[in-house]
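These notes are about the structure you will find just below.
Protein chains: 2
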Amino acid sequence: MKKRKVAVLLSGGLDSSTILYWAIKRGYETHCLIFSYNQRHSAEIRKAVKIAECAGRPCTIVDIKLPWGGSSLIGRSGRIPPGKVSSKKIPSTYVPGRNTIFISYALSFCEAAKMDYIVIGANAVDFSGYPDCRPAYYKEFNKLLKQASLGKVSIKTPLLKKSKKEIVLLARRLKVPLRHTWSCYEGGRYPCGKCDSCLLRAKGFRQAGMEDPALRRNWAGQ
Amino acid sequence: MKKRKVAVLLSGGLDSSTILYWAIKRGYETHCLIFSYNQRHSAEIRKAVKIAECAGRPCTIVDIKLPWGGSSLIGRSGRIPPGKVSSKKIPSTYVPGRNTIFISYALSFCEAAKMDYIVIGANAVDFSGYPDCRPAYYKEFNKLLKQASLGKVSIKTPLLKKSKKEIVLLARRLKVPLRHTWSCYEGGRYPCGKCDSCLLRAKGFRQAGMEDPALRRNWAGQ
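In order, the protein sequence lines correspond to chains A and B. Quick note, the numbering used here runs 6 ahead of the 1-based positions in the first sequence. Quick note, the numbering used here runs 6 ahead of the 1-based positions in the second sequence.
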């Protein structure tokens with residue numbers, strides 16, 4: 007059978023690193039797409055490149071400029087709010103249209119490079135409430151892609167319904183180099199431990215009964 | 007009633023210039039988005055800015071880099087094929103994922119600037135056979151936007167089912183400054199008269215019984 011080709015959206019965080027290893031484990035031919043969108047910090051890009059290197063997979067960095075901002079995650083001016091995982095309001099860290107833009111670029115890449123799937127680490131269980139992380143969004147996106155690519159490209163969301171605990175356990179099983187992953191919204195030397203993303207990650211590791219190797223590494227200055 | 011705010015995707019061609027004037031005529035508060043994606047020529051951007059100026063509407067130029075190319079319209083190396091309007095194959099001028107990327111950016115803009123509609127001049131009657139110009143594509147995109155923006159943003163495609171002749175007549179009625187519009191895929195001083203886009207435009211003007219003022223202007227070197 008022909009080897010399926012997939013584009014993996016890689017941010018260098020826990021979830022996207024896990025889906026890269028998931029895709030490799032499934033025998034897909036993988037290519038990583040890393041998006042630079044004027045994030046608050048460049049740590050995310052560096053970590054993503056490192057993860058792709060660890061996995062021995064090629065990557066392309068895609069430069070995106072959003073002239074209109076609209077999120078505390080873009081640039082350095084906005085304040086990242088402390089985590090409120092249970093909040094029902096869309097948090098200020100939501101980047102307008104971000105996943106829609108990422109997936110559109112991935113569609114373009116897949117059409118140009120004749121690839122079959124876009125794999126994204128979206129998660130709708132332990133998540134920050136972003137509209138573009140929900141199952142209904144991906145269901146509709148797949149219907150759109152069917153039209154846009156004439157049935158050639160579709161999205162896979164292997165983590166969509168997993169808890170952070172399950173993702174941590176899956177990452178361990180797949181031997182994801184967790185010490186190199188970076189989830190914090192802030193661009194400090196160490197994870198802040200206070201933002202939504204840090205809180206969700208900590209919860210996952212705690213419930214999985216594991217120590218987070220990224221914390222050990224960073225806090226020990228290794 | 008609150009004035010509706012719309013983002014108009016403006017390329018400086020006949021269709022997109024017409025929808026800008028259509029939106030103004032309907033009383034919408036309009037903002038133009040002009041995309042620079044390493045087209046073969048910069049005439050398109052200049053013409054689009056000129057049209058926005060003629061209409062007295064603000065515009066934002068969005069810079070998009072597609073590192074993977076994949077179309078004879080991108081860069082200067084590929085050859086633009088002569089027009090074959092009736093062909094059933096997707097032509098080489100198709101830019102992978104282009105409209106999907108444009109609309110994703112427009113979604114981001116509309117969310118950030120609290121706008122209601124994205125207006126695009128897509129046309130599925132006298133068109134080049136691109137998959138992202140068909141009604142089924144826009145129907146699905148609107149369903150996706152409903153999820154992505156939680157019902158706040160949607161697309162309008164006022165030209166989708168109009169013939170080029172009808173578009174030319176509408177443009178005349180709306181007083182679109184047709185002499186400034188540019189449809190040719192090539193980046194020469196004058197429209198090439200041979201590419202798909204030139205042929206479709208010429209057909210529209212011929213059937214509408216009108217001379218194309220852009221040709222008169224350009225060929226006379228005015």
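Every residue, glycine too, gets a C-beta built ideally from N, C-alpha and C.
Ranked by Cα distance from lysine 171/A, the first of Gln213/A, Lys71/A and Ile51/A is Gln213/A. Residue burial annotation: arginine 32/B is exposed, with fewer than 16 other C-beta atoms found within 10 angstroms of its C-beta. At least 8 Å separates the CB of leucine 166/B from every CB of chain A. Just so you know, the alpha carbons of glycine 75/A and tyrosine 27/B end up roughly 28 Å apart. Assignment of isoleucine 96/B by DSSP, reduced to helix, strand and coil, places it in the coil class.
Close to chain A, meaning a Cβ-Cβ distance shorter than 9 Å, is no residue of the segment 42-59 of chain B at all. Excluding its 5 nearest sequence neighbours in each direction, proline 183/B has C-beta neighbours in its own chain below 6 Å: Cys60, listed in chain order. With respect to chain A, the C-beta atom of glutamate 117/B has a partner C-beta closer than 8 Å.
For glutamate 50/B, the secondary structure class from DSSP, reduced to helix, strand or coil, is helix.
The alpha helix (DSSP H) runs of length 4 or more contained entirely in the segment 117-188 of chain A are, from start to end of the chain, 141-154 and 170-179. Within the same chain, Lys53, Lys56, Ile57 and Cys60 come within 7 Å of histidine 186/B by CB-CB distance, once the 5 residues on both sides are set aside. The beta strand (DSSP E) runs of length 3 or more contained entirely in the segment 24-69 of chain B are, from start to end of the chain, 35-42 and 65-69. Under the 10 Å beta carbon count, aspartate 218/A is surrounded by 16 or more other beta carbons and is classified as buried. Taking 8 Å as the cut-off, the beta carbon of isoleucine 161/B is found no closer than this to the beta carbon of tyrosine 136/B. The straight-line gap separating the alpha-carbon atoms of aspartate 122/B and lysine 181/A is approximately 46 Å. Below the 7 Å Cβ cutoff, chain B contributes Leu150 as neighbours of phenylalanine 147/A, in chain order. Taken through DSSP and simplified to helix, strand or coil, leucine 16/A comes out as coil. In the structure shown, lysine 209/B falls within a helical segment according to DSSP collapsed to helix, strand and coil. Within its own chain, the residues whose Cβ lies closer than 7 Å to the Cβ of cysteine 190/B, once the five positions on either side in sequence are excluded, are Pro197, Cys198, Cys201, Ser203 and Cys204, listed in chain order. Within the same chain, Gly18, Gly19, Ala49, Glu50, Lys53, Pro197 and Ala220 come within 8 Å of tryptophan 188/A by CB-CB distance, once the 5 residues on both sides are set aside.
For valine 68/B, the chain A residues whose C-beta falls within less than 8 Å of its own C-beta are Lys71 and Pro73, listed in chain order.
Residues of chain A whose Cβ lies closer than 9 Å to the Cβ of aspartate 138/B are, in chain order, Gln153 and Ala154.
Burial is judged here by how many other beta carbons sit within 10 angstroms of a residue's own beta carbon; leucine 150/A has at least 16 and is buried. Around the beta carbon of leucine 15/A, 16 or more other beta carbons sit within 10 angstroms, so the residue counts as buried.
At least 8 Å separates the CB of glycine 135/B from every CB of chain A.
Taking the C-beta atoms as reference points, asparagine 105/B is found no nearer than 8 Å to lysine 71/B. Among the CB atoms of chain A, one or more fall inside 8 Å of the CB of isoleucine 107/B.
Non-local C-beta neighbours of lysine 9/A in its own chain, meaning closer than 6 Å and more than five positions away in sequence, comprise Glu35, ordered along the chain. Interface flag for tyrosine 143/B against chain A is set, since a Cβ pair is found closer than 8 Å.
At a cut-off of 8 Å between C-beta atoms, glycine 127/A does not count as an interface residue with respect to chain B. At a cut-off of 8 Å between beta carbons, tyrosine 34/B makes no contact with chain A. At least one C-beta of chain B is nearer than 8 Å to the C-beta of glycine 103/A.
Lysine 167/A counts as exposed, since fewer than 16 other C-beta atoms from the protein chains shown sit within 10 angstroms of its C-beta.
Against chain B, a Cβ distance below 9 Å from serine 114/A picks out Leu72, Trp74, Gly76, Val101, Pro102, Gly103, Arg104, Thr106 and Ile107. At a Cβ-Cβ threshold of 8 Å, valine 68/B and proline 73/A count as neighbours.
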